[in-house]
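Written out below as structure tokens is the structure these notes cover.
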Amino acid sequence: NEKGWISESLVLYQGFWYVSTISLQGAMAVQQHFKARPTDILLTSTPKSGTTWTKALIFAIINRTNYDFTTHPLLIHNPHDCVPTLETNLYRTTPIPNPDVLPSPRLFSTHIPYSSLPESITASNCRIIHICRNPKDVLISFWFFANKLQAKLNKDHPLLPLEEAFQLFCKGASPYGPYWDQVLGYWKASLEWPERILFLKYEGLKGNPFSCLKKLAEHLGYPFSLEEEEQGVVEKILNLCSFENLSSLDVNKNPEKVGNLGVENSAFYRKGQVGDWENHLTAEMVEHIDRITEQKFHGSGLSF
Ligand code: A3P
């Protein structure tokens, strides 16, 4: 976006906000052309909810017998290169690369809301994993990320004050937002089709990584055997994909390593903690955002 901050290029499509320059065309192309296979694995998320981390975990689970942990692809590739995002990696380019040539199981991710997924996905038996995160941490993480993106796109443009980012987020005007509606779509679908859709929280993964990883592996159809557990495979995957490990790798910390959004890979690793919002949001902001969350999630069984 030449003119200014990312929010200036948000457009409403099917009830959700897309960044016109980055994701709208791609999302429409996904709706038109993507053909799901029952063996596909699709990670869905709101941006800044732990997508990068969950991509790494899924890739490591599926490929755990293909690679040695000392020469693993995740040590030299960004997780976004191992698990492409449908609307921004694959379907944004012309001609659209043909994912039919990829072997099964194909691993993809998307931020497209559940109600806008192509029928090819919702009617297929493919596995969906949704990762979500406390909205206050999503907001703070996104504010830092967006300003990093903005500083790169246009050095002269002033960065977005937190107050403005907050107002926009609360109004629903964030990429693939309203945040609450995006999360609720997947939450409700996960209650209806629990065998197809696994709903995970960033906070749960942080607090209880061992049992979350086992649940994830089972859902993907790649459960850990007793022997693997005894050999410490679960811990090895968790260590490989930990914030500390991934963010310290050259591919993820070298500012010259840039992904296809034009953002350096390192922008996907900031603090990796639960509750950083406490260091940034005022008491009024917290009260306001908590009230929206309570209203929106009321009666759904979902809370943070
Ligand atoms: P913070 O900005 O709060 O640090 P996404 O991948 O959906 O864009 O989300 C990015 C957020 O996930 C960032 O949060 C980032 O630091 C955090 N993150 C990235 N890799 C992680 C990992 N391996 N473990 C935990 N958090 C991670």
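Residues in the sequence shown are numbered from 1 upward in steps of one, following my numbering.
Glycine included, each C-beta is placed from N, C-alpha and C at the ideal position.
Buried or exposed: which applies to Ala123, given that a residue is buried once 16 or more other Cβ atoms fall within 10 Å of its Cβ? Taking the first residue of the sequence shown as position 1, residue 123 is located at position 123. Classification of Ala123: exposed, given that the 10 Å Cβ count is below 16.
So which residues put a beta carbon under 6 Å from any heavy atom of ligand 1, going in chain order? Every residue with a CB closer than 6 Å to a heavy atom of ligand 1 is listed here in chain order: Ser45, Pro47, Lys48, Ser49, Gly50, Thr51, Thr52, Trp53, Asp137, Ser141, Phe144, Cys241, Ser242, Phe243, Leu246, Phe268, Tyr269, Arg270, Lys271, Gly272 and Asp276.
Helix, strand or coil: how does DSSP classify Arg291 here? As a working note, residue 291 is residue 291 in the sequence shown. Arg291 sits in a helix when the DSSP states are folded into three classes.
Euclidean distance between Cα positions of Leu153 and Gly259: Counting from 1 along the sequence shown, the entry for residue 153 is found at position 153. Counting from 1 along the sequence shown, the entry for residue 259 is found at position 259. In a straight line, the C-alpha of Leu153 is about 14 Å away from that of Gly259.
Alpha helix (DSSP H) runs contained entirely in the segment 170 to 207, provided each spans 4 or more residues: 179 to 192 and 202 to 207
At the level of alpha carbons, what is the spacing between Ala173 and Ser225? The count along the sequence shown starts at 1 and reaches residue 173 at position 173. The count along the sequence shown starts at 1 and reaches residue 225 at position 225. Straight-line Cα distance between these residues: approximately 44 Å.
How long is the line joining the alpha carbons of Asn252 and Phe145, rounded to whole angstroms? Residue mapping note: residue 252 aligns to position 252 of the sequence shown, counting from 1. Residue mapping note: residue 145 aligns to position 145 of the sequence shown, counting from 1. Looking at the two C-alpha atoms, the distance is approximately 15 Å.
Per DSSP, which one or two residues make a beta bridge with Tyr18? Numbered from 1 along the sequence shown, position 18 holds the residue referred to as residue 18. For Tyr18, which the question treats as bridged, DSSP gives the partners Val11.
Beta-bridge pairing of Val258 - partner residues as DSSP gives them: Translated into positions along the sequence shown, residue 258 becomes position 258. The secondary-structure analysis by DSSP pairs Val258 across a beta bridge with Glu264.
Helix, strand or coil at His33 [DSSP, three-state]: Along the sequence shown, one-based indexing puts residue 33 at 33. Three-state DSSP puts His33 in a helix.
What is the C-beta distance between Tyr186 and Tyr114, in whole angstroms, given that I count them as a contact (C-beta under 8 Å)? Taking the sequence shown and counting its residues from 1, the one referred to as residue 186 is at position 186. Taking the sequence shown and counting its residues from 1, the one referred to as residue 114 is at position 114. Going by Cβ atoms, the distance from Tyr186 to Tyr114 rounds to 5 Å, so yes, they are a contact pair.
Three Cβ pairs or more, each shorter than 8 Å: is that satisfied between the segment 262 to 280 and the segment 136 to 151? yes
Here's the rule I'm using: 16 or more other beta-carbon atoms within 10 Å means buried, otherwise exposed. How should Glu2 be labelled? The residue given as residue 2 occupies position 2 in the sequence shown. Because the pLDDT at Glu2 is just 43, under 50, the model does not fix this residue reliably, and the value given afterwards should be weighed accordingly. That one is exposed.
Is the separation between the beta-carbon of Ile128 and that of Leu57 shorter than 7 Å? As a position in the sequence shown, residue 128 is number 128, starting the count at 1. As a position in the sequence shown, residue 57 is number 57, starting the count at 1. Not in contact: Ile128 and Leu57 (Cβ atoms no closer than 7 Å).
The beta strand (DSSP E) with Leu42 in it runs from where to where? Position 42 of the sequence shown, counting from 1, holds the residue named residue 42. First-last of the beta strand (DSSP E) with Leu42: Ile41 to Ser45.
Cα separation between Thr51 and Glu227? By 1-based counting over the sequence shown, the position of residue 51 is 51. By 1-based counting over the sequence shown, the position of residue 227 is 227. Taking the straight line from one Cα to the other gives about 29 Å.
The alpha helix (DSSP H) enclosing His80, as first and last residue numbers: Start at 1 with the first residue of the sequence shown, and residue 80 comes out as number 80. Judged by DSSP secondary structure, His80 falls within the alpha helix (DSSP H) whose first and last residues are Pro79 to Cys82.
Please classify Gly299 as buried or exposed, where buried requires at least 16 neighbouring CB atoms within 10 angstroms. Locating residue 299 in the sequence shown gives position 299, counting from the first residue. Flag for Gly299 reads exposed.
Output the boundary residues of the alpha helix (DSSP H) element that contains Cys212. For this step, residue 212 is matched to residue 212 along the sequence shown. Run containing Cys212: Pro209 to Leu220, per the alpha helix (DSSP H) assignment.
Write down the C-beta distance between Cys132 and Thr46 rounded to the nearest angstrom, noting that I regard them as a contact closer than 8 Å. The count along the sequence shown starts at 1 and reaches residue 132 at position 132. The count along the sequence shown starts at 1 and reaches residue 46 at position 46. Right, their Cβ atoms sit about 6 Å apart.
I need the straight-line Cα distance from Lys155 to Ala60, nearest angstrom please. Position 155 of the sequence shown, counted from the first residue, corresponds to residue 155. Position 60 of the sequence shown, counted from the first residue, corresponds to residue 60. Going by the C-alpha atoms only, they are around 37 Å apart.
Gln31 versus Pro38, Leu90, Ile62 and Pro79, residue with shortest Cα-Cα distance: Along the sequence shown, read from residue 1 onward, the residue named residue 31 stands at position 31. Selected option, being the one with the closest Cα: Leu90.
So what does DSSP say about Leu90, is it helix, strand or coil? Taking the first residue of the sequence shown as position 1, residue 90 is located at position 90. Helix.
If you check the beta carbons only, do Ala36 and Cys126 fall under 7 Å apart? Translated into the one-based positions of the sequence shown, residue 36 becomes position 36. Translated into the one-based positions of the sequence shown, residue 126 becomes position 126. Their beta carbons are under 7 Å apart, which means Ala36 touches Cys126 by this criterion.
Just how far apart, CA to CA, sit Gly207 and Pro79? Here residue 207 refers to the residue found at position 207 when the sequence shown is read from its first residue. Here residue 79 refers to the residue found at position 79 when the sequence shown is read from its first residue. If I take the Cα positions, the gap works out to 22 Å.
Who pairs with Thr110 in a beta bridge, going by DSSP? As a position in the sequence shown, residue 110 is number 110, starting the count at 1. According to DSSP, Thr110 bridges with Thr44.
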